[in-house]
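*Asks:* First to last, the protein sequences are chains A and B. The numbering of the first sequence is the numbering used here, which starts it at 338 and goes up by one. The numbering of the second sequence is the numbering used here, which starts it at 51 and goes up by one. Idealized CB from N, CA, C, for every residue including glycine. Since the structure is predicted, the reported quantities are computational estimates derived from the model, not experimental observations. Quick one: the structure is below, and I'll ask about it shortly.
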Amino acid sequence: MKRSCGKLLPASLVVGVLASFAMSPYADAAGRGGGGGGGARATSGGGARAQSGGGAQPGSGGAARQTAQVNNTKADARTNNVRSSSVNNVNNVNVDRNVNVNVEGHGCCGGGWDNDYHPVATAAAVGTAMAVTSAVVGSMVRTVPPSCVPVNYGGMIYQQCGSTWYQPQGSQFVVVNPPY
Amino acid sequence: MVRKVLALSLLAMLLAAPNAPAQIPPAGTPQAATSAVDPASLQALKDMGAFLQTLKRFRVSTELTGERVLADGQKLQHTATADMDVERPNRLRALMHSARSERELVYDGKTVTLYARAQKYYSTVEFVDTIGRLIDLLEQRYRVELPLSDLFVWGTPAAPLDKIVSAMNAGQDFVGDHLCDHYAFRQASIDWQIWITTGSKPLPRKLVITNRADEARPQSVSLIDWNLKPNFKDTIFKFTPPKGASKIEIVPVKTK
């Protein structure tokens, strides 16, 4: 299958930003992310790609993703207001969805393997929790507090900082409702 | 008088008309009822499933176009791609790309790792079983879906054909350069279509699933590409944390 243009995006920058952030949490990671991180990405990303690609699509990944990166800061807030009542997208025929009916957040997050984001606009009940840190759901930040703990839930990466949850988005983080 | 009777009978027919549709179907239904599930279409699924189960070592790639339904019913379309290197019964490496995420899933028969490349975070879980069981574990315990998981389920009891309430042959079609037989099915709240390569190697080339449970009817389209003689090495099934990667917890889904 030929690779389409949109697939190779993430992000030397993100890695650079996160890497430097991890080493020195107090620094303004976004400010110093750029060059060094990109270099690291070029070697590790390219190598991993070639390995996993098994030679079938040699090196097709790294290069394209170096130059472009998804930026959703201009996206309308309505794009996040996904119907919570439906399993929006069904990708497999033989998935027994019934087993997941009682899962919290069902239909909102995770689910399809193509689902890469967590809706942020459906948040009503979290107002009080948010007040603690005054982080408004849907707002973007360049860095997260040093106390945050990364966690994988539903196949997606979050940064949990007490009652506030962030999800990486491009080189930034968006405040989301707690996934559970 | 004659005219009056005629008018009355016409009126009677008109009045009876609302009932007519209820009476007409019986005339047509015997045929429809017996052929709602076309046996040859089910057989094509069985043949494809049996063939898929014979594949021991392969690379399969997919490009998916899916839809998200917004609160008001408007739909947004998105694209994701995945490449999977597979060796049955219990080794797999999947690379999944979408606009906002790039993930790798690696399984060597003993440990499954989910790795987020951009963030350089990975999580591992011990699990010793087949790829089929791995699909269940990921879906039910972690709500992580494997791309094209149907490929590992068709041809097994986990893909029961008796749930299909309608099956039909929709003729032939091309998917890329490949001549395919096109079939359409209905089961539970989904309609689905599959394009299976015509001939002795019945590989699925395209899968379309329409979710009828939502009135907006979101749909996914997966194009499928095959390499039955891949040249990957066995070492790709072993996850070695890249330099700078750190291990994080993966939390099982919470139930209410």
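1. Please give me, in chain order, every unbroken run of the beta strand (DSSP E) with length at least 3 that falls completely inside the stretch 248-305 of chain B.
2. Here's the rule I'm using: 16 or more other beta-carbon atoms within 10 Å means buried, otherwise exposed. How should residue 163(B) be labelled?
3. Does the beta-carbon distance from residue 144(B) to residue 134(B) come in below 8 Å?
4. State the DSSP-derived secondary structure class of residue 235(B), mapped to helix, strand or coil.
5. Determine the chain C residues that contact residue 254(B) at a beta-carbon separation under 8 Å, and present them in chain order.
6. According to DSSP, is residue 195(B) part of a helix, a strand, or is it coil?
7. What does a CB cutoff of less than 8 Å around residue 230(B) pick up in its chain, not counting 5 residues either side in sequence?
8. With distances taken Cα to Cα, identify the nearest neighbour of residue 288(B) among 157(B), 152(B), 93(B) and 99(B).
9. For a contact meaning CB atoms closer than 8 Å, what does residue 272(B) contact in chain A?
10. What residues from the stretch 126-159 of chain B come within 8 Å of chain A, judged by C-beta to C-beta, listed N to C?
11. Starting from residue 163(B), trace the beta strand (DSSP E) both ways and give me its first and last residue.
12. DSSP state of residue 373(A), grouped into three classes?
13. Using the three-state DSSP reduction, which class does residue 491(A) fall into: helix, strand or coil?
14. What would DSSP say about residue 508(A), mapped onto helix, strand or coil?
15. Check whether the stretch 109-126 of chain B and the stretch 87-100 of chain B touch, using three or more Cβ-Cβ pairs below 8 Å as the test.
16. Could you check where the alpha helix (DSSP H) with residue 97(B) kicks off and where it finishes?
17. Is any beta-carbon of chain B found at less than 8 Å from that of residue 407(A)?
18. Using a C-beta to C-beta distance shorter than 9 Å, which residues of chain A count as neighbours of residue 288(B)?
19. If you follow the beta strand (DSSP E) that residue 215(B) is in, where does it begin and where does it stop?
20. What is the residue span of the alpha helix (DSSP H) that residue 202(B) lies within?
21. Please decide whether residue 264(B) counts as near chain A, where near means a Cβ-Cβ distance under 8 Å.
22. Mapping the DSSP letters down to three states, classify residue 279(A) as helix, strand or coil.
23. Output the boundary residues of the beta strand (DSSP E) element that contains residue 125(B).
24. Would residue 169(B) count as contacting chain A if we go by Cβ distances under 8 Å?
25. So for residue 183(B), helix, strand or coil by DSSP?
26. DSSP has residue 172(B) in a bridge; who is on the other side?
*Replies:* Well, looking at it:
1. Listed in chain order, the beta strand (DSSP E) runs fully inside the stretch 248-305 of chain B are 254-261, 269-277 and 299-301, counting runs of at least 3 residues.
2. Taking the first residue of the second sequence as 1, we reach residue 163(B) at position 113. So residue 163(B) ends up on the buried side.
3. The residue you call residue 144(B) lines up with position 94 of the second sequence. The residue you call residue 134(B) lines up with position 84 of the second sequence. Using a Cβ distance threshold of 8 Å, residue 144(B) and residue 134(B) count as a contacting pair.
4. The residue you call residue 235(B) lines up with position 185 of the second sequence. Look at residue 235(B) here: in three-state DSSP terms it is strand.
5. Going by chain labels, chain C is absent from the structure shown, which instead holds the protein chains A and B.
6. Taking the second sequence and counting its residues from 1, one reaches residue 195(B) at position 145. In the three-state reduction of the DSSP assignment, residue 195(B) falls in the coil class.
7. If you number the second sequence from 1, residue 230(B) lands on position 180. Sequence-distant partners of residue 230(B) (beyond 5 residues in either direction) whose C-beta falls short of 8 Å from its own C-beta, in its chain, are 222, 223, 224, 245, 246, 247, 248, 255 and 256.
8. Translated into the one-based positions of the second sequence, residue 288(B) becomes position 238. By alpha-carbon distance to residue 288(B), the top candidate from 157(B), 152(B), 93(B) and 99(B) is 157(B).
9. Within the second sequence, numbered from 1, the residue matching residue 272(B) stands at position 222. The contacting residues are 428.
10. Against chain A - using a Cβ distance shorter than 8 Å - the residues of the stretch 126-159 of chain B are 126, 128, 129, 130, 131, 132, 133, 135, 143, 145, 146, 147, 148, 149, 150, 151, 152, 153 and 154.
11. If you number the second sequence from 1, residue 163(B) lands on position 113. Residue 163(B) -> beta strand (DSSP E) spans 161-166.
12. Here the question's residue 373(A) lines up with position 36 in the first sequence. Note that residue 373(A) scores 36 on pLDDT, short of 50, meaning its location in the model is unreliable; the coordinates nonetheless yield the value given after this. It is helical.
13. Here residue 491(A) corresponds to residue number 154 of the first sequence, with the count starting at 1. DSSP places residue 491(A) in coil when its eight states are reduced to three.
14. Translated into positions along the first sequence, residue 508(A) becomes position 171. In this structure, residue 508(A) counts as coil in the three-state DSSP scheme.
15. Verdict: no, contact absent.
16. Here residue 97(B) is taken as the residue at index 47 of the second sequence, counted from 1. Residue 97(B) -> alpha helix (DSSP H) spans 89-104.
17. Position 70 of the first sequence, counted from the start, is the residue given in the question as residue 407(A). Residue 407(A) belongs to the set of residues whose beta carbon lies under 8 Å from a beta carbon in chain B.
18. Taking the second sequence and counting its residues from 1, the one referred to as residue 288(B) is at position 238. Those within 9 Å of residue 288(B) in chain A number zero; the least Cβ separation is about 11 Å.
19. By one-based count along the second sequence, residue 215(B) stands at place 165. DSSP places residue 215(B) in the uninterrupted beta strand (DSSP E) bounded by 214-225.
20. Residue numbering aside, residue 202(B) sits at position 152 when the second sequence is read from its first letter. From DSSP, the alpha helix (DSSP H) with residue 202(B) extends over 200-203.
21. Within the second sequence, residue 264(B) is the residue found at index 214, counting from 1. Interface with chain A (8 Å Cβ-Cβ cutoff): residue 264(B) is included.
22. The shown model of chain A, from 338 to 517, leaves out residue 279(A), and the question about it has no answer.
23. In the second sequence, the residue the question calls residue 125(B) occupies position 75. Per DSSP, the unbroken beta strand (DSSP E) holding residue 125(B) starts and ends at 125-137.
24. Here the question's residue 169(B) lines up with position 119 in the second sequence. For residue 169(B), the answer is yes, since a Cβ of chain A falls inside 8 Å of its Cβ.
25. By 1-based counting over the second sequence, the position of residue 183(B) is 133. Three-state result, residue 183(B): helix.
26. Walking along the second sequence from the start, residue 172(B) turns up at place 122. Residue 172(B) pairs with 165(B) and 297(B).
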